[in-house]
Amino acid sequence: MDLKGKKVLVTGAEGFIGSHLTERLINLGAEVTALVQYNSFNNWGWIDTFDKNIKNSINVVSGDIREYDGMKKIIRGQEVVFHLAALIAIPYSYLSPMAYVRTNVEGTTNVLEACREYNIQKVIHTSTSETYGTALYVPIDEKHPMQGQSPYSASKIGADKIAESFYKSFNMPVVTLRPFNTYGPRQSARAVIPTIISQILSGKKEIKLGSLTPTRDFNYVKDTAEAFVKVAESDNTIGEVINAGSNYEITIGDTVKKIINIIGKDVKILCDDQRIRPENSEVNRLWADNTKIKQLTNWLPQYSIDRGLEETVNWIKNNLQYFKTDMYNV
């Protein structure tokens with residue numbers, strides 16, 4: 005599928021990954037409608053920071069995936085839908101699990117049902133590596149069991165199964181993309197890498213973190229956005245669940261050391277109890293097997309962890325005003 009000239013909807017377009025994907029689609033020549041969550045301030049999230057020419061090329065609409073009638077109106081006339089809208093913060097899911105069910109499970113059902121009604125040519129549903137839970141074996145391929153180790157991951161498992169059911173029950177052209185730990189410009193301080201960087205750049209001599217021993221498979225956001233594009237373009241991906249990961253494993257502790265080395269400041273690391281997940285909820289190891297996406301789409305990550313971290317540090321350095329480093333962001 006050639007996305008140039010296609011009428012494309014991106015849900016969650018105002019967010020971290022969604023905003024990068026939206027920019028990429030505009031550069032490819034797609035006719036992009038960006039769904040942002042309705043708010044009385046008419047705030048478009050990161051889209052508000054776009055270059056004027058790019059922003060003027062986007063049809064921005066406000067709505068809520070939890071409201072089916074509204075989704076029908078927005079999806080009508082589209083050809084391809086990238087569904088990224090979700091509640092994603094794991095700590096907040098402990099406080100309000102039902103909100104995650106309503107947004108991630110019911111909201112995804114609304115999107116898929118509207119896509120089915122209007123015969124959308126392809127739907128790319130966004131999953132997460134958190135659905136795997138702590139690795140039972142590594143590297144983690146798409147056959148790895150799913151484990152609901154947090155209300156967030158459980159809600160995403162539910163959403164993934166809804167997407168699977170629409171493919172199997174209604175022969176809908178759905179593909180599920182499962183990104184591993186994405187990082188980069190525009191990510192909020194709820195995630196570990198911007199938390200580390202923003203605390204150090206704000207001048208703190210001591211930085212507060214949760215556990216340092218878990219491993220992650222970090223992916224630079226431009227690589228993740230490109231994975232969405234490649235999965236959409238490929239004719240071999242419908243009905244598939246596909247990992248998007250670097251096949252590179254690193255501990256949180258070693259990630260901290262890399263960031264400290266890039267910034268060049270001495271800091272002390274403190275363990276903050278409120279940043280530690282409940283014992284049985286911590287995902288101790290994530291390491292992606294990316295064989296499938298390479299075979300189906302020829303996608304390969306272009307950014308090493310060192311290059312990606314350098315670009316992220318530089319962006320946060322120039323945008324530190326977006327980070328509230330004196331408080332814990334859930």
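Quick note, the sequence shown lines up with residues 5 to 334 if you use the numbering used here.
C-beta: ideal position from N, C-alpha, C; glycine also.
Can you have a look at residue i and say buried or exposed, based on whether 16 or more other CB atoms are within 10 angstroms of its CB?
i, result
"Ser-308", "exposed"
"Cys-275", "exposed"
"Lys-10", "buried"
"Asn-77", "Going by the sequence as given, residue 77 is Lys instead of Asn. The residue is exposed, with fewer than 16 neighbouring Cβ atoms inside 10 Å."
"Phe-3", "Outside the shown range of the chain, which is 5 to 334, sits residue 3, and nothing can be said about it."
"Leu-39", "buried"
"Asn-294", "buried"
"Asp-227", "buried"
"Tyr-42", "exposed"
"Leu-324", "exposed"
"Lys-296", "buried"
"Tyr-104", "buried"
"Pro-189", "buried"
"Leu-88", "buried"
"Lys-126", "buried"
"Phe-45", "exposed"
"Asn-265", "exposed"
"Asn-223", "buried"
"Thr-132", "buried"
"Thr-53", "exposed"
Measure the Cβ-Cβ separation of residue i and residue j and say whether it is below 8 Å.
i, j, result
"Thr-186", "Lys-160", "no"
"Thr-37", "Val-115", "no"
"Ile-204", "Ile-197", "no"
"Ile-254", "Arg-220", "yes"
"Val-245", "Glu-146", "yes"
"Val-225", "Ile-263", "no"
"Arg-194", "Asn-247", "no"
"Val-84", "Ile-124", "yes"
"Pro-155", "Pro-101", "yes"
"Gly-67", "Gly-19", "no"
"Ala-231", "Trp-303", "yes"
"Thr-130", "Ala-90", "yes"
"Val-12", "Gln-82", "yes"
"Ile-51", "Val-64", "yes"
"Lys-209", "Lys-272", "yes"
"Phe-86", "Ile-58", "no"
"Gly-249", "Phe-184", "yes"
"Ser-169", "Phe-327", "no"
Please go through the same chain and pick out, in chain order, the residues whose beta-carbon is closer than 6 Å to the beta-carbon of residue i, but skip the five residues on each side of it.
i, result
"Gln-151", "Gly-137"
"Asn-47", "none"
"Pro-218", "Ile-256 and Asn-288"
"Thr-199", "Ala-193"
"Ser-97", "Tyr-104, Ser-154, Pro-155 and Tyr-156"
"Ile-62", "Val-36 and Ala-38"
"Gly-74", "Gly-67"
"Thr-180", "His-129, Ser-131, Asp-164, Ala-167 and Val-245"
"Met-5", "Glu-237"
Can you round the beta-carbon distance between residue i and residue j to whole angstroms, since I take them to be within the 8 Å contact cut?
i, j, result
"Gly-111", "Ile-69", "4 Å"
"Ala-163", "Val-109", "5 Å"
"Val-260", "Leu-300", "Incorrect: roughly 35 Å between the Cβ atoms, too far for contact."
"Ala-229", "His-24", "4 Å"
"Ser-285", "Gln-153", "5 Å"
Just to confirm my understanding: we take residue i, look at its own chain, exclude 5 residues before and 5 after, and list those with CB closer than 7 Å. What are they?
i, result
"Val-206", "The amino acid at residue 206 is misidentified as Val; the sequence shows Ser. Once the five neighbours on either side are set aside, the close Cβ partners of Ser-206 are Leu-324 and Thr-329."
"Arg-106", "Arg-70"
"Lys-298", "Leu-304"
"Pro-149", "Leu-140"
"Tyr-252", "Asp-221 and Ile-309"
"Asp-270", "none"
Between residue i and the rest of its own chain, which residues show a CB-CB distance below 8 Å, the 5 nearest in sequence each way excluded?
i, result
"Leu-7", "Leu-29, Leu-32, Gly-33, Ala-34, Val-84, Val-233, Ala-236 and Glu-237"
"Tyr-72", "Asn-114, Glu-117 and Ala-118"
"Leu-213", "Val-196, Thr-199, Ile-200, Ile-256, Val-260, Ile-273, Leu-274, Cys-275, Asp-276 and Arg-279"
"Pro-282", "Tyr-98"
I want to check one thing, is the minimum distance from the CB of residue i to the heavy atoms of the ligand MN below 7 Å?
i, result
"Ser-215", "No copy of the ligand MN occurs in the structure displayed, which carries no ligand at all."
Quiz item: At a cut of 8 Å, does the region 308–327 reach the region 239–247 through at least three beta carbon pairs?
Solution: no
Quiz item: Per the contact definition of three or more C-beta pairs closer than 8 Å, is the region 165–179 in contact with the region 116–127?
Solution: yes
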